[in-house]
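If you count the sequence shown from 1, position 371 lands on 370 in numbering that gives the first Met the number 0, and the numbers rise without skipping. Backbone N, C-alpha and C define an ideal beta-carbon position, used for all residues, glycine too. Input: a single structure, listed below in structure tokens.
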Amino acid sequence: MSHLITERGTPAAPPPSPHGHGGRGRLVEVVVPVHNEERVLAASVERLHAYLAGTFPYPFRITVADNASTDATWWIAEDLAARLPRVRAVRLEEKGRGRALRHVWGTSDADVVAYMDVDLSTDLDAFLPLIAPLVSGHSDLAIGSRLTRGSAVVRGPRREVISRCYNLLLRTALAARFTDAQCGFKAARTEIVQALLPEVEDEAWFFDTELLLLAERGGLRIHEVPVDWVDDPDSRVDVLRTALDDLRGMARVARRILTGGFGAPAVRRRPAVELPAGMRRQLPAFAVIGVISTIAQLVLFVLLRLVTGPLSANAVSLVITTVANTAANRRFTFGVTGTRDAFRHQLEGGAAFLLGLALSTGGLALLHAAAPGASRAVEIAALVTANAVATLVRFLLMRAWIFHPRRSTGGGGRVPAAGESTEGTPS
């Protein structure tokens, strides 16, 4: 194992991005692994930093990972870390792109980790589409692909043939489903990659492929983004040697698969959508109360229709059930007890009543205008549809306005939901 020699410019907490999220977004760490790249390092990192600072909507950190350079690369990396905010430099004493990524990714405190080649051959406009499905929780890993529909690639025939043959071998011999294992433009959720790293043996160029194969065998989601890519004619990569190393890596993985020694550890995926604090407890109670209220309103509507018209029956049934619904949600969904503010809550609940009345009355009016003499079953269907929309808006109004903890006047009333502060905004 390599060990860290030195580190420069590590921020205690990266400054928030000026774009969106108000600094509360998920931190993304971009690693640029380098070995003897003194000619392009400064220009590339400055360009990357300017691009992310100007367009990227999440907080970010750029880490230059120098693995055993013998030229001026490390001194340039130190200078970049000193000059540019949100840039740090890490130096390892041994070569190997996989080794550099393993160290930085394995110790990262970011939510999402990524890397890109220092030549920035991949168009940076693909970076946000690469990161977005990881931030949302839709995917676990994401890769740029030069071999999928929508990509645009400029490179010589030799590298094109080698790349396509290599990826074809992966698909036929190891049943890989991703299209491009070698593109130096990848990202992953940090908790996922840190769980996989102990099972990855390679420390060099096959590191990416081995990580992706492990992820696939573990049933993790790999998102592919078509990229625009222009070959760097001054690339330091020895294509033939790298290809041979990759073939040896494939053979090693194939042996591990045959002997049952190649498999991803169990990884608990977080939900694709993380609910704000308190909402996980509130939603079931609100749903149950909503179902009961809807049934009660429909029963009242049917009974009142025996003695009055559809609009009057709808209004009276909605008034009665709205009062009961507000009282029930006050106690059981939002944990408000006692009588203080009860009258205000009912008055403000009237706004939800007026919304529901407008939606359902408008729906019934449109129904009878479009289909005079519609049956009771059709009327009920229209009511259910209108109430579904009104219910969603009602919940948001109750949570963000009527029963917001900051609006409580105190006095024996507020029982905060799980994960919710009585002094702050439910996030």
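- With a threshold of 16 other beta carbon atoms within 10 Å, R87 meets it and is buried.
- Residue D230 holds the alpha-carbon nearest to the alpha-carbon of S162 among D230, E215, L119.
- Boundaries of the alpha helix (DSSP H) harbouring I161: 156-172, taken from the DSSP string.
- A straight line joining the alpha-carbon of T360 with that of N328 spans about 24 Å.
- Shown here, F55 sits in coil according to DSSP, grouped into three states, outside any helix or strand.
- By the beta-carbon neighbour count (other beta carbons within 10 angstroms, threshold 16), E202 is buried.
- In the displayed model, E45 falls within a helix according to three-state DSSP.
- Here the alpha carbons of A186 and A242 stand approximately 22 Å from one another.
- Nearest neighbour of R280 by Cα position, chosen from G289, G334, V318, turns out to be G334.
- Out of A387, D227, V199, the CA that lies nearest to the CA of L146 is found in D227.
- In the three-state DSSP reduction, F177 falls in the coil class, being neither helix nor strand.
- Beyond the five residues adjoining it in sequence on each side, A151 comes within less than 6 Å, by CB distance, of D227 in the same chain, given in chain order.
- For D207, the uninterrupted alpha helix (DSSP H) run begins and ends at 206-216, by DSSP.
- A direct Cα-to-Cα measurement between R148 and S107 gives close to 33 Å.
- Taking C-beta atoms as the reference points, F177 and E223 count as a pair closer than 8 Å.
- For the set R251, R46, L26, the Cα lying nearest the Cα of D124 is the one of R46.
- In this structure, the alpha-carbon of V30 lies about 28 Å from that of C164.
- Every beta strand (DSSP E) of 3 residues or more that sits fully in the segment 68-123 is shown, in chain order, as 86-91, 111-115.
- Selection V44, N324, A370 evaluated against D116 yields V44 as nearest (Cα-Cα).
- Residue pairing from DSSP places R188 in a beta bridge opposite V111.
- Per the C-alpha coordinates, the member of L51, L83, W204 positioned closest to G95 is W204.
- For A295, the CB contacts under 6 Å within the same chain, skipping 5 residues up- and downstream, are T320 in chain order.
- Counting of Cβ neighbours within 10 angstroms places P264 among the exposed residues, the total staying below 16.
- Around the beta-carbon of S144, 16 or more other beta-carbon atoms lie within 10 Å, marking it buried.
- No Cβ-Cβ contact shorter than 8 Å links V33 with F59.
- As a beta-bridge residue in DSSP terms, D65 pairs with V33, R90.
- At a Cβ-Cβ threshold of 8 Å, V111 and T189 count as neighbours.
- For A49, the closest of F285, H137, A368, L79 by C-alpha to C-alpha distance is L79.
- Counting of Cβ neighbours within 10 angstroms places H137 among the exposed residues, the total staying below 16.
- Classified as exposed, D70 has fewer than 16 neighbouring CB atoms from the shown chains inside 10 Å of its CB.
- Less than 8 Å divides the Cβ of T332 from the Cβ of F285.
- Taking 8 Å as the cut-off, the Cβ atoms of G105 and Q181 do not count as close.
- Annotation: N166 to V160 spans about 10 Å, alpha carbon to alpha carbon.
- For G348, the secondary structure class from DSSP, reduced to helix, strand or coil, is helix.
- In the structure shown, V322 falls within a helical segment according to DSSP collapsed to helix, strand and coil.
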